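Chemist:
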Amino acid sequence: MAINDIEKQIEIERQNARETCDVTGSNSGECAAAWDAVEELQAEAAHQRQSVKPKNSLELYCDDNPDALECRVYDE
Numbered sequence: 238m239a240i241n242d243i244e245k246q247i248e249i250e251r252q253n254a255r256e257t258c259d260v261t262g263s264n265s266g267e268c269a270a271a272w273d274a275v276e277e278l279q280a281e282a283a284h285q286r287q288s289v290k291p292k293n294s295l296e297l298y299c300d301d302n303p304d305a306l307e308c309r310v311y312d313e
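The opening residue of the sequence shown carries number 238 in our numbering; numbering runs sequentially from there.
1) Could you give the DSSP three-state label for D312: helix, strand or coil?
2) For a test of the three-state rule: what should DSSP assign to A254, helix, strand or coil?
3) Drop a sphere of 10 angstroms on the beta-carbon of A254, count the other beta-carbons inside from all chains shown, and report buried for 16 or more, exposed for fewer.
4) Helix, strand or coil: how does DSSP classify G266 here?
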């Protein structure tokens, strides 16, 4: 699931949690479960943001010039 899809799903689940809590009460199990679903999606979004790191200038250069001396990888 892409980060944008997760963000949209978070908003949907957040609205669902509000509605569930309005109907069942803020101390109900259904309300707690609805907010748990929101928290799980937020954790997944944070994890995906953390694992996507931007490439540095050498990595970008090597993407464009894989045969350059600077980009060679040796197995030792």
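Backbone N, C-alpha and C fix where the C-beta goes; we use that ideal spot for every residue, glycine too.
Computed from a predicted structure; not experimentally measured.
Modeler: By the coordinates alone:
1) Position 75 of the sequence shown, counting from 1, holds the residue named residue 312. In the three-state reduction of the DSSP assignment, D312 falls in the coil class.
2) Taking the sequence shown and counting its residues from 1, the one referred to as residue 254 is at position 17. Residue state, collapsed to three classes: helix.
3) Position 17 of the sequence shown, counted from the first residue, corresponds to residue 254. So A254 ends up on the buried side.
4) To locate residue 266, count along the sequence shown from 1; it is residue 29. Here G266 sits in helix by DSSP.
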